[in-house]
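Chains as they are written, first to last, in the working numbering: chain H, 256 to 621; chain D, 256 to 621; chain A, 121 to 583; chain Y, 121 to 583; chain L, 20 to 122; chain S, 20 to 122. C-beta atoms are modelled at their ideal positions from N, C-alpha and C, and glycine is treated no differently. Computed from a prediction, not measured in an experiment: that's the story for all the values here.
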Amino acid sequence: MKIGIIKETSDNRVAIVPELAKKLQDEGNELIAEKDCGILALFTNEAYEAVGVRLTSRKEVLESADILPTILPLDKADLKQLKKDAILISSYQPYFSTAKVEEAANHQLTVFSMDMIPRITIAQAMDVLSSMASIAGYKAVIDAAYHLPKYFPMLTTAAGSIPPAKVLVMGAGVAGLQAVATAKRLGSVVQAFDTRAAAKEEVESLGAKFVEVEGAKDDRAAGGYAVEQTEEYKQRQLQKIFEEAVKSDVIITTAQLRGKPAPKLITEAMVKEMKPGSVIVDIASSTGGNCELTEDGKTVVKYGVTIIGNSELAAEVPNHASQLFGKNVHNFLKIFLKKGVVELNMENEILKSSCIAQKGQLLYKK
Amino acid sequence: MKIGIIKETSDNRVAIVPELAKKLQDEGNELIAEKDCGILALFTNEAYEAVGVRLTSRKEVLESADILPTILPLDKADLKQLKKDAILISSYQPYFSTAKVEEAANHQLTVFSMDMIPRITIAQAMDVLSSMASIAGYKAVIDAAYHLPKYFPMLTTAAGSIPPAKVLVMGAGVAGLQAVATAKRLGSVVQAFDTRAAAKEEVESLGAKFVEVEGAKDDRAAGGYAVEQTEEYKQRQLQKIFEEAVKSDVIITTAQLRGKPAPKLITEAMVKEMKPGSVIVDIASSTGGNCELTEDGKTVVKYGVTIIGNSELAAEVPNHASQLFGKNVHNFLKIFLKKGVVELNMENEILKSSCIAQKGQLLYKK
Amino acid sequence: METSVLNFLYLICIVLFIIGLKKLSHPDTAKNGNQIAALGMGIAILLTIFYPMENASNNYMWIVGGLLIGGVAGYIAAIRVKMTSMPEMVSLFNGLGGACSMLIASVEFYNLQAAGAPMMSVGVLTILFALFIGTVTFTGSIVAWGKLDGFFRDSIVLPKPQIINITLLIAIIALSGFIMAQPEMNYTLFMVLLVLSALYGIAFVMPIGGGDMPVVISLLNSFSGIAAAVAGLIYGNEVMIVGGIIVGASGTILSILMCNAMNRSLLNVIIGGFGGGGTSQGSGREAIAKEASHADTAIQLKYSNKVIIVPGYGLAVAQAQHACHDLEKSLEAEGVEVLYAIHPVAGRMPGHMNVLLAEADVPYPKLLELEDANEQFSSTDMVLVIGANDVVNPSAKEDPGSPIYGMPILEVEKAKTVIVLKRSMNPGYAGIENPLFYGEKTKMLFGDAKASLSKLKSEVANA
Amino acid sequence: METSVLNFLYLICIVLFIIGLKKLSHPDTAKNGNQIAALGMGIAILLTIFYPMENASNNYMWIVGGLLIGGVAGYIAAIRVKMTSMPEMVSLFNGLGGACSMLIASVEFYNLQAAGAPMMSVGVLTILFALFIGTVTFTGSIVAWGKLDGFFRDSIVLPKPQIINITLLIAIIALSGFIMAQPEMNYTLFMVLLVLSALYGIAFVMPIGGGDMPVVISLLNSFSGIAAAVAGLIYGNEVMIVGGIIVGASGTILSILMCNAMNRSLLNVIIGGFGGGGTSQGSGREAIAKEASHADTAIQLKYSNKVIIVPGYGLAVAQAQHACHDLEKSLEAEGVEVLYAIHPVAGRMPGHMNVLLAEADVPYPKLLELEDANEQFSSTDMVLVIGANDVVNPSAKEDPGSPIYGMPILEVEKAKTVIVLKRSMNPGYAGIENPLFYGEKTKMLFGDAKASLSKLKSEVANA
Amino acid sequence: MNTIIDFIINNIEMMYILTFAVFLGMEVISKVPTVLHTPLMSGANAVSGVVIIGAIILIKNANSDDYLILTVGMLGIALANVNVIGGFAVTNRMLEMFKKKKK
Amino acid sequence: MNTIIDFIINNIEMMYILTFAVFLGMEVISKVPTVLHTPLMSGANAVSGVVIIGAIILIKNANSDDYLILTVGMLGIALANVNVIGGFAVTNRMLEMFKKKKK
Ligand SMILES: NC(=O)c1ccc[n+]([C@@H]2O[C@H](COP(=O)([O-])OP(=O)(O)OC[C@H]3O[C@@H](n4cnc5c(N)ncnc54)[C@H](OP(=O)(O)O)[C@@H]3O)[C@@H](O)[C@H]2O)c1
Ligand SMILES: NC(=O)c1ccc[n+]([C@@H]2O[C@H](COP(=O)([O-])OP(=O)(O)OC[C@H]3O[C@@H](n4cnc5c(N)ncnc54)[C@H](OP(=O)(O)O)[C@@H]3O)[C@@H](O)[C@H]2O)c1
Ligand SMILES: NC(=O)c1ccc[n+]([C@@H]2O[C@H](COP(=O)([O-])OP(=O)(O)OC[C@H]3O[C@@H](n4cnc5c(N)ncnc54)[C@H](O)[C@@H]3O)[C@@H](O)[C@H]2O)c1
Ligand SMILES: NC(=O)c1ccc[n+]([C@@H]2O[C@H](COP(=O)([O-])OP(=O)(O)OC[C@H]3O[C@@H](n4cnc5c(N)ncnc54)[C@H](O)[C@@H]3O)[C@@H](O)[C@H]2O)c1
């Protein structure tokens with residue numbers, strides 16, 4: 256098969272890194288890449304050529320590729336140029352960017368959305384959510400520390416001592432836990448909470464404190480995903496958050512609800528009450544954000560609080576992020592791409608749940 | 256005495272924070288502050304007024320203050336307005352900014368340069384170099400992590416594993432050690448070196464590896480300061496650095512020589528050889544920098560390496576930095592400002608060595 | 121006076137016994153201790169053979185003959201036996217010792233009869249007692265041996281063992297009284313007593329679970345000691361008396377220590393035995409995970425060359441990273457090579473293990489990736505699985521039906537031994553059974569990981 | 121037969137002694153053990169007094185009189201004595217025991233003389249030996265007591281003590297032989313022997329350093345045990361013999377154990393003693409820092425209510441943060457409150473201690489700032505200074521000449537006890553002497569901080 | 020009953036010896052690490068073979084023509100000696116593993 | 020010399036007893052934690068006061084009019100009893116500190 260690599264239009268990452276390109280060729284595929292596709296992720300054109308990837312124009316890549324893995328979904332313009340029944344692999348967040356998916360479908364394309372892969376142990380190797388989230392969680396803390404006009408760890412000096420920064424993490428999923436770990440490493444006092452029952456133990460397993468809010472609805476059946484919560488729980492939760500938030504120097508929110516807009520955990524009122532100079536990093540911004548004042552993709556200062564809304568933090572660690580993403584894609588391809596031949600067996604649970612459009616019709620339930 | 260607080264023209268910090276202002280008043284001084292002096296360090300005007308500091312124009316502050324502590328030396332314009340025999344307190348780096356000092360002297364001012372305070376145990380409480388350096392060291396690592404397109408700690412995931420970032424710290428003084436500690440915390444592999452014999456133990460006491468270069472000249476007599484090294488030592492050192500540098504993802508340089516330009520430890524040739532995307536943070540930039548390509552106060556990318564030249568990193572943590580600086584100043588004032596009365600006893604070792612100009616004539620030997 | 125010189129010489133043997141036993145209870149001196157005790161025994165035997173005894177018709181041939189036969193047989197048996205089945209062997213030996221006292225008693229009773237000594241004498245009582253205890257040791261040990269050897273299965277459960285035992289005991293006491301009450305010796309009754317004792321021995325051991333056999337053996341061992349002592353009383357022979365008593369005492373204590381080690385009471389073992397194996401772990405039943413003791417694990421660790429630690433989510437939950445690192449260090453100090461095998465999905469977030477181990481300052485070079493680890497296991501003596509479960513679940517390789525089939529796992533079973541530290545048999549995140557725990561080479565070390573690890577560390581120090 | 125009944129009863133007393141001593145060697149049972157031993161003694165005394173003895177003119181008055189006088193005196197002494205000077209007291213008591221054997225020997229010799237028994241008999245030998253060892257115990261203990269009490273100073277050094285001792289010993293043996301060689305008893309010679317023994321006792325103990333007195337006392341204690349045993353031989357009295365021997369044996373072992381604890385050999389103590397105190401720590405000399413033992417520190421820690429740890433650069437150099445945290449935890453487990461006092465300039469960079477303690481996961485609330493710490497010390501039982509020096513140097517407060525005069529320090533001396541963990545008496549960064557180390561309340565625990573801390577932890581577990 | 024008491028009274032020293040022997044037996048092995056339980060048991064068991072002495076005496080006293088007793092005695096010796104020799108040998112083998120490997 | 024040997028031979032049981040007593044004495048206190056050294060020493064010392072028995076016997080045997088011996092004996096008892104009573108009492112006090120504080 257011919258596998259294409261393009262330069263992301265609005266992202267530093269690249270879907271396939273040279274090392275991986277080599278593997279794919281050894282497995283019997285042909286690879287072509289758009290020039291400079293990897294530059295921003297620190298993979299030079301030479302690197303690609305070195306492993307025998309042909310560098311060419313974006314146009315050619317789009318027109319000739321049978322399989323085209325990308326970090327972000329392609330936009331209209333690109334879609335037009337694609338071959339019929341080309342296979343697109345990317346993260347579509349279908350529940351939100353419905354439009355994009357339909358377009359793709361209209362072009363009779365087969366579309367896999369990696370973010371739809373079930374969160375089961377066996378699927379972890381192709382779980383882009385996990386791999387990107389764990390980078391995002393780490394980066395969120397780094398950004399916070401970078402913007403915080405304060406010192407993170409405790410510091411006792413001859414010129415008086417500085418208390419450790421207080422960090423509150425909302426949503427202890429992959430990203431959340433990673434944030435907890437990183438903040439802890441930097442020596443801050445970390446609290447986290449989550450609605451999943453398992454989260455408490457997980458947070459404490461990182462030596463951080465778990466903020467208890469009684470009466471959370473838990474649903475393991477949801478494949479580890481969280482479920483919508485009852486109204487009065489949300490009230491109690493907001494109350495609790497409020498108390499903790501105003502004490503915090505840094506808040507990192509990662510709370511997501513699969514297929515639903517992210518729960519609003521931080522109200523404008525809270526932000527008003529927070530210490531000036533505090534920082535909020537909202538990783539859930541792409542699905543609406545956990546903070547009312549979040550603006551997706553922007554860093555804004557409101558009531559003296561810096562609010563960073565960024566769901567693509569992984570893109571700020573392009574080099575490693577690309578490596579992981581590529582590995583995910585590779586593991587995913589392995590399911591149906593054997594010796595350069597595609598055999599789509601839609602019985603396979605992973606394919607079934609991740610294929611959002613095939614030969615024109617949409618396959619996922621809204 | 257009347258103590259003035261002004262808004263720094265090119266720095267986020269403020270010399271006296273409200274809490275300290277209160278103390279000084281209780282000790283029998285009057286304080287006046289320029290409006291918005293603390294804003295950038297997150298100290299509101301209200302905060303100052305709350306402790307009874309009168310807010311007024313910069314002009315009035317300059318004209319009426321008997322004692323004027325500032326973060327950075329005042330420039331000509333301001334100096335003109337000062338009263339005769341006002342006492343200036345700041346960090347002049349007299350060996351480098353001679354001009355500034357002479358001007359001040361010409362205005363018959365008494366000038367104390369806090370960076371000239373001897374590095375003895377008893378003087379630590381007023382040691383701005385230490386307090387600012389320790390913040391700078393921390394911040395240097397945060398900035399590096401922020402700019403590095405890679406992940407800092409080691410990470411083993413289902414999508415392959417990421418090796419820990421390699422950090423090399425040159426100069427293991429206060430800033431250097433702090434950088435070592437912070438980098439270590441973030442989970443990177445840290446190496447450091449220094450010419451002082453004591454440095455090895457100090458570095459290892461933080462669990463990091465010390466890079467040995469044989470034959471360093473050590474001089475404890477220099478009050479803990481490093482001394483110029485022999486030519487062939489420098490050669491061996493450069494060689495060793497070269498080997499380590501090309502392996503490193505992050506290099507943080509803090510090497511200083513009191514009264515001399517900072518030693519050049521990283522040549523252009525080295526930078527060429529370094530991995531693209533690597534980051535160099537040069538804290539010694541203000542005295543010429545440890546890297547040939549450093550541009551003081553700028554962040555430049557050369558040969559794919561990001562080089563941050565910033566000796567005032569502390570200014571990026573203005574809130575806490577101001578607190579520590581103020582405390583230093585306070586402890587320093589205590590020496591000669593008793594119950595609101597100034598008694599300059601120039602026998603006092605600390606005053607002697609830190610007073611660089613009195614009643615017009617320069618007091619420090621170039 | 122003659123004999124008292126002999127007794128003085130015997131005293132030396134006894135001292136050797138004592139020193140021997142003492143040294144036997146320290147790892148470093150144990151071997152030497154065993155030899156010392158053996159020396160003592162040797163001297164005692166030679167003394168007895170060659171020390172002149174008035175009006176004795178020595179019959180050296182017979183003695184030497186017996187010694188040779190027994191010696192050769194014993195030696196060969198001892199050399200041949202497999203390491204694993206040594207306990208049985210010990211039990212068997214012990215039984216023979218008991219048998220000897222039995223024989224002595226029989227003969228001496230016979231002699232008394234001949235000599236027509238007065239009944240109702242301490243002498244007779246002693247003989248009867250020697251017979252009883254000797255015989256019980258004999259049959260009991262044989263049963264124990266059979267059980268360990270798989271000869272008898274635990275399934276052979278006598279109805280109401282308590283009752284049986286009590287009745288037998290009463291009968292025996294009554295009969296002994298009766299025998300002594302007789303005007304003159306009655307060999308038939310004596311034989312009956314012998315049979316009853318034999319039965320009692322069987323009934324006593326039979327119901328006890330195979331898992332508890334070691335304790336029972338040690339108990340029987342102390343019996344045989346007492347038997348020897350009593351036999352000694354018959355001849356007023358110091359070395360037999362004292363030697364026997366010492367073994368009797370130490371044997372009892374040892375049984376008790378053993379019970380403590382399994383934290384159960386001696387009574388509980390025996391009664392529990394009466395109850396039929398009770399909860400005694402590993403009582404031969406199938407598909408039961410084998411449990412490991414801290415001490416044994418420690419010693420194995422200490423004497424292996426290469427150990428690989430497989431940390432999992434449990435390590436994190438227990439916050440045992442430091443304890444783990446400590447153990448690692450003390451093993452390294454013993455010259456053991458210790459490595460960590462990090463599974464990509466171990467824990468609950470990517471790099472979970474990295475964070476923990478970094479916090480505990482485990483040097484990065486010690487961390488093995490999945491592939492490297494799987495290569496190294498085959499050359500590994502011991503794997504410590506600390507709170508990991510799914511990531512070492514063989515069904516991911518073997519059972520296509522398993523929900524995690526196809527996931528690469530750490531193939532710990534390639535190693536010689538696998539010890540799993542967890543709190544229970546509960547499944548992990550994936551919620552599925554783990555065949556590893558029932559594997560040939562696997563032993564479970566239950567309890568909170570942190571607690572277990574620090575126990576291990578101290579045991580390593582002692583052992 | 122009469123006596124053998126008595127002896128049987130004595131056996132009970134002996135068993136009580138044994139059990140008592142055994143229990144005395146475990147912290148939890150010690151108190152109880154002491155009482156059991158006392159009980160044994162009480163029974164033995166009553167038995168002896170009231171058990172009928174043929175042709176004895178009991179003289180109960182005298183006996184009771186003696187008992188009363190001694191008992192009251194002893195009890196008062198025991199109650200009055202200060203905790204700190206108990207060892208002296210023990211030594212004194214021990215001496216009196218020896219004196220008693222001395223007296224017995226003298227009387228019995230006198231009696232033999234009266235009875236005109238044959239010389240050259242074991243009896244006489246026994247008596248002479250009893251005299252010798254009793255007397256040595258007596259005078260030796262008195263000297264030891266005097267030394268501890270500061271009566272005699274170590275400075276009193278006899279010329280060539282070795283020579284003196286050897287000569288005395290030879291003289292004594294010779295004389296004993298001579299006495300036995302005499303046709304009939306010669307009381308004057310006997311008295312000479314007594315005097316010689318007395319001198320030997322003095323010459324034996326006098327040169328040994330005050331620091332080693334405990335060992336010596338324990339040694340003398342075993343002597344007095346032997347003395348009692350020998351006296352027992354005179355009367356063929358089981359309880360005296362056995363009781364004495366047991367004390368003799370255990371006393372010797374104990375002395376050896378004590379030496380090990382100071383890792384020195386018994387010989388080294390005595391010879392070293394002959395050499396004049398040798399390196400024995402704290403041998404009364406002034407301005408010598410007192411050295412602490414791990415075990416004693418551990419016990420003090422365990423039984424104090426509040427402990428404050430003062431970490432310094434040394435903690436960092438030793439990388440002992442985890443060990444320190446472990447100790448802290450095990451103390452907390454014992455119900456001890458543990459806090460950390462962080463000096464602003466401890467270590468080599470601002471926040472050095474923060475970094476380390478954070479790494480070891482010491483909860484932030486446990487960290488005290490300078491001011492708070494200085495307030496809390498006065499209510500603190502014990503301060504552990506771990507590799508800190510300048511930051512606890514009192515001269516910063518007291519000595520205007522000092523280069524660090526005026527620097528705020530942690531005023532650890534406000535606490536009840538201060539233990540300093542460091543490797544030597546070397547100064548710290550500022551390169552100046554630290555008077556704290558020689559302070560009244562201070563003891564030094566030398567060695568690498570990490571090693572010391574883990575030792576402490578395990579000791580806390582044992583103690 | 021009182022035969023027994025007499026016996027005790029007449030052998031009072033024996034009582035002492037027995038009592039002490041019991042104590043020694045208990046003391047001597049207290050504090051043995053778990054790993055040594057089996058070897059120690061095995062060693063003690065070998066010692067309990069001391070009953071062989073009895074068998075020897077028995078034969079020494081027997082008339083040289085009383086073949087029944089002689090055979091029985093010889094059997095006794097044989098059995099006991101299996102216990103002794105075998106016991107010590109097995110213990111020895113168990114303890115092999117304690118030879119610390121050199122590094 | 021041979022008087023001694025005879026003595027030993029004639030008191031062979033005594034030898035046993037002594038030997039065992041020595042062993043017991045050593046065994047019983049091996050493994051005592053350092054912190055108990057002093058109390059144990061003091062306790063053992065009190066036991067060594069058993070010599071008082073001798074003094075008592077001495078007086079019991081003395082003629083009621085032999086005042087010299089009586090006084091000496093009484094002195095002996097007194098001294099030894101100081102050792103006994105004082106010894107146990109002091110030990111008791113030393114051990115007070117081991118009463119674990121309740122929390
Ligand atoms: N790495 C990731 O990104 C990620 C994210 C989400 C989920 N997961 C999943 O998590 C699993 C990770 O596998 P794993 O083997 O590391 O963990 P695991 O399979 O979840 O097993 C952990 C085991 O640790 C034991 N344990 C818990 N607390 C303990 C304690 N205090 N002391 C001793 N043992 C304790 C538990 O048994 P007891 O209860 O009997 O003690 C449990 O069986 C995989 O299924 C993976 O897919 C991974
Ligand atoms: N905090 C800062 O920013 C900074 C920066 C530069 C200088 N300083 C100066 O550093 C000093 C800090 O005071 P400090 O009390 O923390 O340290 P210190 O005064 O330097 O004393 C440290 C002590 O630790 C002991 N030590 C070293 N290694 C050890 C080991 N492995 N185990 C046990 N003990 C060990 C040393 O004694 P032995 O050799 O006998 O073991 C030494 O006396 C002050 O003078 C301060 O002015 C501080
Ligand atoms: N099978 C695997 O091996 C595997 C791999 C990765 C993740 N997972 C599991 O998948 C689950 C989701 O991981 P994720 O990071 O993708 O989750 P996510 O990104 O979908 O959501 C992040 C977190 O937000 C939490 N959240 C949702 N609503 C909330 C609310 N109102 N308040 C507070 N918190 C709220 C969720 O519980 C979740 O923990 C986790 O349980 C994770 O362990 C499993
Ligand atoms: N008295 C005190 O308590 C106290 C307080 C603060 C600092 N100090 C001491 O003062 C000394 C200097 O501290 P600082 O941070 O201000 O130093 P600095 O900022 O002057 O220099 C930073 C480091 O660069 C090193 N350096 C110089 N030339 C070098 C070269 N060619 N190669 C490599 N390294 C080189 C120096 O040795 C120094 O360690 C340190 O020893 C520190 O411990 C003492």
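Against chain S, the beta carbon of L:Ile-36 has neighbours under 9 Å at Glu-32, Tyr-35, Ile-36, Phe-39, listed in chain order. Rounded to the nearest whole angstrom, the C-alpha separation of D:Gln-379 and D:Ser-386 is 9 Å.
Of all C-beta pairs linking the region 334-343 of chain H to the region 358-370 of chain H, three or more are shorter than 8 Å, placing the two stretches in contact. Taking a Cβ-Cβ threshold of 7 Å, the residues of chain Y close to D:Leu-432 are Arg-468, Met-469, in chain order.
Across the set D:Leu-461, D:Asp-266, D:Asp-291, D:Glu-263, the C-alpha of D:Leu-461 shows the shortest separation from the C-alpha of Y:Pro-470.
For D:Asp-537, the enclosing beta strand (DSSP E) starts and ends at 534-537.
Under the criterion of beta carbons closer than 8 Å, Y:Cys-133 and Y:Val-359 qualify as touching, at roughly 5 Å. The beta carbon of A:Val-389 does not come within 9 Å of any beta carbon belonging to chain H, so the residue lies off that interface.
Judged by beta-carbon spacing, A:Tyr-307 lies within the 9 Å limit of A:Gln-233, meaning their Cβ atoms are closer than that value.
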